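Taking it in order: structure first as structure tokens, then the write-up.
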Amino acid sequence: MCGFITIVGKNLRNLNKNYFFYTSKNNTHRGPDQQGHYCDNYIFCSAQTLKITKKSKFSDQPYKSKNGRLIITLNGQIYNYIELIDDLKKDFNFKYENELELIEKLFLKYGKNFVNFLNGMFAISIWDVKKKTLYLVTDHFGIKPIYYTKFQNNWYFSSEIKDLKFMIPYFHFQEDEETVSNFLKFSISNNNESTFYKNIKKFSNAKIGILKNNELIKKSYWDLKIENNQEPDYDKLTELYSNNFKLYSSTSIKKSFALSSGFDSNFILQQSVNDKSYNINKDISVISNLKKYHKNSEYHQNINFFDNYPFKIDLYSSKKILEPNSLEDLEYVTEQPVHSSNIYVSLLLRKYLKSKNYNVLITGHGSDEIFGGYNRAFYDYMFELDNFKNKDYLFNFVKASQNYLGKSKNQIFKNFKLIKKNINYNQNYFENIKFFFNKDYLKKNQSKNKFNFSSADKKNFLKFKLKQQIFNHDLPYSLAIEDKISMANSIETRVPFLNKILVENIFKLDSKYFLESGINKSILRNISKKLNHFQNWSVKKYQLPGDDYLFLKKQINNTTIEKIYDDNNLDKIINKKMITKEMKNLKKNQLSNNFLIFRILSYQRWKNQNV
């Protein structure tokens, strides 16, 4: 892992090179093991490197090609680099046989098309000294970020917005009102290339950008295709998954696993144990030890197995973590407002891992979005079946889903009717909270939360929506936050489910297998059985802390309410009288719209710190 800062433009002579060197060393959390620079008349480039395995100078960054023509930085990991190097040895001699040298040789052979051969999580920059051209590439799922902006005829690119703020005057960082509006109204963020800053953009997934003659052109190099005609070949899928997980969970590195009470993270841990890459002498698995969060959960059903492996910690053992001032640095780390308090608990977990000298964390990100883990997937599939006018199949699916959803057939159909009426993302949720907003604010910020889908999308509506969750809604937010809270603690997060080849194979399968027998993630559950995992994964997941209600009860006091009243910026957004009444009700243990309240307070903290 690493971070990089690159400036290219026509006004470099007006920048202080020594100040660039100084400021680029301020945020070394992304690369505490090595920092390096490259500068010429057209580019300033700085890189920080976190070395997971061999702490060799040959992996120092920026990397310069043998002929001095290419200057390369890599944030991330190329999963298939060994096989690519073996293939290229017929054309090139390799000295280091590492990922940086691979990128050099691939680029020399294929030019900008080199990215088509990569499978991994990566943000790559390549400066071609001869052509005076910068190439920037993000991975297929946008796991590794590139932020960018243009200021005074210079282009700035960085792994974090913080670095840009060191280089560019404060007034450049204005709030993006549309992004804020979508966040507060729909709990949506990170769903496109916009950020919470009007002038700061972010490369989305599978993008290649070419900067030449001070003009930036970006194109997509890959798109996940939706097919709907294959039956699962579980022997093939099992082999793919088994081989894939070995890429992430080597016995040679000290690693940690983030466990929840559900299927995804425990699948990863069990597979690591099964393929003997879990080193019980140095690896740890971390999970909250609060029994109330595990009662009747999938974790609780298999407690005997996990008692042998996890190192359990109680993240609520110290009451201080619930104090209001404990949240003050959260939005500084994430560089944006956050939806809920579980982000803070996740940050605490990573701080704990750092204190124990762990710099690799393996998580289950992406599984819900790929396999249909959210309850909304059931209604998306009902929409697909309803489009086919197959009432018998639709009725049988609803009947089979009653037990998992915990609802009767009539309740499920009633919910489906409401969702079908407002198919847009979180539209029904917004309808229930819109009276908390200033009417003029709603008029000014009309809803752009609309799905556009074709007749072909209707036929494959479940996978169409899953694809939206992977690239436009749920997952981009999770990945952006994960990158910030882990790298703030110099931790590399590995996400085994987000492998291009694996996801492409899943999206070739017929929709009916995703929720087979009325149970979510049926495909992954069957893979788990084939891999000889021995849990009983038949019950629902129970969420781990944080709990917005607990946090807000601690956080809300007279001072917090006064800050809401005194914040002139909020006058144009919310009905303060209604919001503060809701806050007081929450303090009295009454039910409230605590998700909205948490978002408003998070936005207020971010605004006060950043804009």
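When the count follows this note's numbering, it moves up by one through the sequence shown with no breaks and lands on 1712 for the last residue. Note that the Cβ used here is the ideal one computed from N, Cα and C, for glycine as well. Treat the numbers as computed from the prediction; the structure is a model and nothing was measured.
Item: For S1555, the nearest candidate out of N1488, K1673, K1613 (CA to CA); Value: N1488
Item: Residue of F1105, N1127, N1142, R1131 minimising C-alpha distance to L1113; Value: N1142
Item: Distance, T1435 Cα to L1687 Cα; Value: 26 Å
Item: Cβ distance (whole Å) where I1204 is taken to contact Y1248 below 8 Å; Value: Contact doesn't hold; Cβ gap of about 21 Å is too wide.
Item: Boundaries of the alpha helix (DSSP H) in which T1124 is found, first to last residue; Value: 1118 to 1125
Item: Sequence-distant residues of the same chain with beta carbon closer than 8 Å to N1504, five excluded per side; Value: G1619
Item: Member of R1477, S1350, E1617 whose CA lies at the smallest distance from the CA of N1523; Value: R1477
Item: Coarse secondary structure for W1098, derived from DSSP in three states; Value: Outside the shown range of the chain (1102 to 1712) lies residue 1098, about which nothing can therefore be said.
Item: Secondary structure of T1174, DSSP reduced to three states; Value: strand
Item: Any non-hydrogen atom of the ligand HEM within 7 Å of S1555 CB; Value: Looking at this structure, you won't find the ligand HEM or any other ligand, since it has none at all.
Item: Distance, I1602 Cα to L1235 Cα; Value: 28 Å
Item: Secondary structure of H1130, DSSP reduced to three states; Value: helix
Item: S1046 burial status per 10 Å Cβ neighbour count (16 or more: buried); Value: Since the displayed the chain opens at 1102 and closes at 1712, residue 1046 lies outside it and no answer follows.
Item: Straight-line gap, H1401 to F1514 (C-alpha atoms, nearest Å); Value: With a pLDDT of 47 at H1401, under the threshold of 50, the modelled position of that residue is not reliable, and the figure given next carries that caveat. The straight-line gap from Cα to Cα measures roughly 31 Å.
Item: Nearest candidate by alpha-carbon position, reference S1361, set K1654, L1341, H1466, F1208; Value: H1466
Item: Every unbroken beta strand (DSSP E) inside the region 1562 to 1633 [3 residues or more]; Value: 1593 to 1595
Item: Host beta strand (DSSP E) of L1519 (start-end); Value: From DSSP, L1519 is part of no beta strand (DSSP E) but of the alpha helix (DSSP H) over 1510 to 1522.
Item: Span separating the alpha-carbon of K1167 from that of K1231; Value: 14 Å
Item: Proximal residues to K1521 (C-beta, below 7 Å), its chain only, five neighbours per side dropped; Value: F1484
Item: DSSP beta-bridge partners of V1109; Value: I1144, W1256
Item: Where V1439 falls: helix, strand or coil (DSSP); Value: coil
Item: Assigned secondary structure, S1282 (DSSP; H/G/I helix, E/B strand, else coil); Value: helix
Item: Coil, strand or helix - A1557 by DSSP; Value: helix
Item: Cut-off 7 Å between Cβ atoms - residues of its own chain near F1208, not counting five sequence neighbours on either side; Value: L1171, F1215, I1227
Item: Under 8 Å between C-beta atoms of N1460 and E1593; Value: yes
Item: Other residues of its chain near Y1666: CB distance less than 8 Å, five sequence neighbours each side excluded; Value: K1677, T1681
Item: Cβ neighbour criterion (16 or more within 10 Å) applied to R1321; Value: The amino acid at residue 1321 is misidentified as Arg; the sequence shows Ser. Exposed, because fewer than 16 other Cβ atoms sit within 10 Å of the Cβ of S1321.
Item: Integer-rounded CB distance, given that L1325 should sit under 8 Å from K1118; Value: Not quite, the Cβ-Cβ distance comes to about 42 Å (not below 8 Å), so this is no contact.
Item: E1200 in three-state terms, based on DSSP; Value: helix
Item: Of the listed residues G1212, H1634, N1293, nearest to S1373 (C-alpha basis); Value: H1634
Item: Contained alpha helix (DSSP H) runs [length at least 4] in the region 1260 to 1330, N- to C-terminal order; Value: 1262 to 1268, 1278 to 1287
Item: Cβ neighbours of F1121 in the same chain (closer than 6 Å, five flanking residues each side left out); Value: F1145
Item: Which residues DSSP lists as bridging D1229, in chain order; Value: L1171, T1234
Item: Length of the line joining the Cα atoms of S1288 and L1189; Value: 46 Å
Item: Helix, strand or coil at Y1400 according to DSSP, with G and I counted as helix; Value: Note that Y1400 has pLDDT 43, beneath the 50 cutoff, so the model's placement of it is unreliable and the number below is only indicative. Three-state result, Y1400: helix.
Item: S1125 classed as buried or exposed, judged by whether at least 16 other C-beta atoms fall within 10 angstroms; Value: buried
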